[in-house]
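Peer 1: Input: one structure, supplied below.
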Amino acid sequence: MELGLGGSAISKALKQACGLDNRTLKELYNKVGDPGDVAFEAKKKQSFTLRKPKPLTIRGVFESLVKIAKAQGQGSGDVKQRFVDRLLQDARGGEGSRYIVRTLCQHDLAKVKKEELAEVWARGEELVKASYARHPDYNDLIPVLLEIGISEELLVRCGLTLHIPLRPMLGSITRDLTEMLTKLQGRDFACEYKYDGQRAQVHCDPNGKVSIFSRHLELMTDKYPDLVALVPSIRGDGVESFIMEGEVVAVDRATGELKNFQTLTNRARKDVAIGSITIDVCLFAFDLMYLNGQSLLDQSFRRRRDLLRSLFVEKPHHFTWVKSLDATSHDSEAVLEFFKSALDTKCEGIMVKTLDNIADLPPPNDEPDPSDAEPPTPKPKTNPTQPKTTISAPAPMEPAPQPQPPPLPAPPKSRRKPLLATYEPDKRLDSWLKVKKDYNTAASDTLDLIPIAAWHGQGRKAKWWSPILLAVRNDATGCLEAVCKCMSGFTDAFYKANRAFYDPDGAEGARNTVGRKPGWIEYEGGVPDVWFEPCEVWEVAFADITISPTYTAAIGLVREDKGLSLRFPRFLRKREDKGVEEASSSEFLAGLWRKQEAKAPAEKRGLEGDGEGEGEDEEE
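Under full-length UniProt numbering, the first residue of the sequence shown carries the number 1, and numbering increases by one thereafter.
This is how it looks when you write it as structure tokens:
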């Protein structure tokens, strides 16, 4: 359940409950970073209260959270704010405030809770993680754990469930096609277009009810009523219920031409009426995880794909399959041509997926170590009490991979770990690889940018700077013009060193930071938590350049009142050989944009966006 709260609501409540001003609150954020720890410190500074706090109870807090989540429509922001204010006013002491705030910051809470569960139930850590990945709802998971404890039955009782989204499987990043072909040497794999859209998980039950979820498990059924109406016509004979995954892409109905993600973001998000839709979409399906009461997670990707394509009905420009190519590592030329065709079609790149469950293989030549792929999660047993509806299918179901025996001492490094083609929720494995044009520097340009500001990170990054605001030079004015926020490509070691390098609270005074926005920096977005002294140049890769109403880079060079920004910016390295005066200029950026537009189809030119795209947190 999403609370729909922003950081400003929590900050406002802290100021009101603890009697803080903006300056004091900002100092606390700079000191400790984590919102829960900020609340702890703020409560300690509280000297008096206007009324006696009402003791908090688990039931009372839960009911308040439900009311916050359900508040909708006009005035809902004020309603949410009142509940947040009351919770923090009634919280007793620093510890109570800390955990109220961490509860309100759901992203941080989910991370903390998973780690705590892993500690408490260390014996069944993998079982708990696997169950939560399939059924991410603690309201269901915890009562079952209390009833049956840690056992394989957990994966049956809290397994795949219609209208509760499972956490999606993720692809590992590869630098280029060569690395991908090396990882998959000796295996059959499928290359698929990675469309420039929004990943969607579609659920349909036997009564025809449809739910659609985003890759972040957010319910977005109301956003796509046209897809909901489409479902009855794509279900083939015998298909009663399913969970399908695909990419929703903006499309021109008349020509079938695909539009980019920025076009899709201009579509309304809530209460969309079919008659008012101005941006049409097509669902490109690529996986089938559940069919007629049966989980397909244990089946190979080849088998899941065969069921998907044989039991569902294509509708041109409405519903179809991702374009794909089956290949092996010996088909490098065909794979390269497929990759180029994906880029020519304005896709982000390609996804590469292992097709079959096969035994471990000898390592490729010159490969020193086996791959570091995670082991498969435990597989659920069949629930004999669960009714199942079977259908006629092209071939019998494959047997599930057999449970692995307890780990033995590591053998000599002469073989690679097996890459199973099963669907592994909430895991990033080498059985799925992505090759995107912004990772493949040979296929795209890079820019040398100047870091000028940053915000406090969230969750485990709370003590570091993330995201970081980057800028180009304007040779004509001498100003630095903001071009994007970057939070991808960094390692933990980099984050730690970067926080020490840009330190506003150093023992000997501020280091490489300034107290306020310099007059020669041009940026009209939100206020960063810290401004940097411009002293470094970073090389950054990116997917596309978009016109932006927020960023000022190259403003006046392509549009009079709008600048340019980078989509999916990714840090590559520090350019220690360059000074800030050698960083990329706004003229150079505008030239890259013109070159990009010259290659783009006419109907896709000049599209606008906010610059960062969906943001995949790929460094995680």
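Just so you know, even glycine gets a beta-carbon here, dropped at the ideal spot from N, CA and C.
Assuming Trp-432 is part of the beta strand (DSSP E), what are its boundary residues?
Peer 2: Where Trp-432 is concerned, the enclosing beta strand (DSSP E) stretches over 428-436.
Peer 1: With burial defined as no fewer than 16 other Cβ atoms inside 10 Å of the residue's Cβ, what is the status of Lys-67: buried or exposed?
Peer 2: The residue in question, Lys-67, is exposed, as its Cβ has fewer than 16 Cβ neighbours within 10 Å.
Peer 1: Helix, strand or coil for Arg-473? Go by DSSP, reduced to three states.
Peer 2: In this structure, Arg-473 counts as strand in the three-state DSSP scheme.
Peer 1: If we ignore side chains and look at the alpha-carbon of each, how far apart do Ser-329 and Pro-467 end up?
Peer 2: Ser-329 and Pro-467: Cα-Cα distance of roughly 37 Å.
Peer 1: What do you reckon, are the CB atoms on Phe-542 and Phe-490 nearer than 7 Å?
Peer 2: Their beta carbons are not under 7 Å apart, which means Phe-542 does not touch Phe-490 by this criterion.
Peer 1: Compare the Cα-Cα distances from Phe-552 to each of Val-537, Trp-531 and Val-483 and report the closest residue.
Peer 2: Going by the sequence as given, residue 552 is Thr instead of Phe. The shortest Cα separation from Thr-552 among Val-537, Trp-531 and Val-483 belongs to Val-483.
Peer 1: Between which residues of its own chain and Val-239 is the CB-CB distance below 8 Å, once the five residues before and five after are set aside?
Peer 2: Closer than 8 Å at Cβ, skipping near neighbours: Leu-291, Asn-292, Leu-311, Phe-312 and Ile-391.
Peer 1: Using 8 Å as the cut-off, can you tell me whether the region 169-178 makes contact with the region 226-233, which would need three or more C-beta pairs spanning the two stretches below that distance?
Peer 2: Touching, no, given that fewer than three Cβ pairs across the two stretches are closer than 8 Å.
Peer 1: Compare the Cα-Cα distances from Glu-581 to each of Lys-315, Asp-85, Leu-87 and Ile-450 and report the closest residue.
Peer 2: Here the closest residue by C-alpha is Ile-450.
Peer 1: Per DSSP, Glu-192 is paired with what?
Peer 2: Per DSSP, Ser-324 and Met-351.
Peer 1: Distance check for His-135 and residue 679, CA to CA, integer angstroms please.
Peer 2: With the chain covering only 1 through 620, there is no way to say anything about residue 679.
Peer 1: List the DSSP bridge partners of Glu-539.
Peer 2: In the DSSP output, where bridge partners are listed per residue, Glu-539 has Asp-448 and Arg-573.
Peer 1: Which residues share a DSSP beta bridge with Ser-219?
Peer 2: Contrary to the premise, residue 219 reads as Leu rather than Ser in this sequence. DSSP lists Phe-213 as partners of Leu-219.
Peer 1: Leaving out five residues on either side along the sequence, give the residues of the same chain with a beta carbon under 6 Å from the beta carbon of Met-487.
Peer 2: So the qualifying residues of the chain are Ser-466 and Pro-467.
Peer 1: Would you kindly report the start and end of the unbroken alpha helix (DSSP H) that includes Asp-226?
Peer 2: 225-234 is the extent of the alpha helix (DSSP H) around Asp-226.
Peer 1: DSSP has Phe-284 in a bridge; who is on the other side?
Peer 2: According to DSSP, which records beta bridges pairwise, Phe-284 is partnered with Glu-247 and Thr-320.
Peer 1: Buried or exposed for Leu-336, please, with buried defined as at least 16 other CB atoms from any protein chain shown within 10 angstroms of its CB.
Peer 2: With fewer than 16 Cβ atoms within 10 Å of its Cβ, Leu-336 is classed as exposed.
Peer 1: Extract the residue ranges of the alpha helix (DSSP H) inside the region 152-205, only unbroken runs of 4 or more that lie entirely within it.
Peer 2: Listed in chain order, the complete alpha helix (DSSP H) runs (minimum 4 residues) inside the region 152-205 are 154-157 and 177-183.
Peer 1: If I'm right that Pro-504 touches Asn-30 with Cβ under 8 Å, what's the distance once you round it to whole angstroms?
Peer 2: Sure, about 6 Å apart at Cβ, within 8 Å.
Peer 1: Per DSSP, Phe-532 is paired with what?
Peer 2: According to DSSP, which records beta bridges pairwise, Phe-532 is partnered with Thr-513.
Peer 1: Quick check on DSSP: helix, strand or coil for Leu-20?
Peer 2: Leu-20 falls in the coil class under three-state DSSP.
Peer 1: Can you look up Gly-238 in the DSSP assignment and give me helix, strand or coil?
Peer 2: Reduced to three states, the DSSP call for Gly-238 is coil.
Peer 1: In angstroms, rounded to a whole number, what distance separates the CA positions of Lys-43 and Leu-217?
Peer 2: Going from the Cα of Lys-43 to the Cα of Leu-217 covers about 33 Å.
Peer 1: Can you name the residues that DSSP bridges to Thr-546?
Peer 2: Partner(s): Ser-565.
Peer 1: Does Cys-72 come out as helix, strand or coil in the three-state DSSP assignment?
Peer 2: In the sequence as displayed, the identity of residue 72 is Gln instead of Cys. Coil, per DSSP.
Peer 1: Identify the residues that DSSP records as bridge partners of Ser-585: which are they?
Peer 2: Ser-585 pairs with Arg-473.
Peer 1: Among Gly-93, Asp-137 and Ser-241, whose alpha-carbon lies nearest the alpha-carbon of Arg-167?
Peer 2: That would be Asp-137, whose Cα lies nearest to the Cα of Arg-167.
Peer 1: Any idea what DSSP makes of Ala-553, helix, strand or coil?
Peer 2: In the structure shown, Ala-553 sits in coil (DSSP, three-state: anything other than H, G, I, E or B).
Peer 1: Do Arg-304 and Leu-296 have their C-beta atoms closer together than 7 Å?
Peer 2: In this structure, Leu-296 lies closer than 7 Å to Arg-304 by Cβ.
Peer 1: So, for Ala-327: in the same chain, excluding its five sequence neighbours on each side, which residues have a beta-carbon less than 7 Å away from its beta-carbon?
Peer 2: So the qualifying residues of the chain are Phe-189, Cys-191, Ala-334 and Val-335.
Peer 1: How many angstroms separate the CA atom of Ser-276 from the CA atom of Tyr-195?
Peer 2: Going from the Cα of Ser-276 to the Cα of Tyr-195 covers about 25 Å.
Peer 1: Using CA coordinates, which residue listed in Pro-35, Leu-447, Ser-11 and Asn-139 is at the minimum distance from Phe-62?
Peer 2: Of the candidates Pro-35, Leu-447, Ser-11 and Asn-139, the one whose C-alpha sits nearest the C-alpha of Phe-62 is Asn-139.
Peer 1: Measuring straight from C-alpha to C-alpha, what distance separates Arg-594 and Thr-546?
Peer 2: Approximately 11 Å between the Cα atoms of the pair.
Peer 1: With 16 other CB atoms within 10 Å as the buried threshold, where does Asn-266 fall?
Peer 2: Exposed: under 16 other Cβ atoms inside 10 Å.
Peer 1: Note down, in chain order, each residue of its chain lying with its Cβ closer than 6 Å to the Cβ of Leu-146, except the 5 sequence neighbours on either side.
Peer 2: For Leu-146, where only same-chain residues beyond five positions count, there are no Cβ hits under 6 Å.
Peer 1: Leaving out the 5 sequence neighbours to the left and right, which residues in its chain are closer than 7 Å to Met-169 when beta-carbon positions are compared?
Peer 2: Tyr-423, Glu-424, Pro-425, Lys-427 and Trp-432, listed in sequence order.
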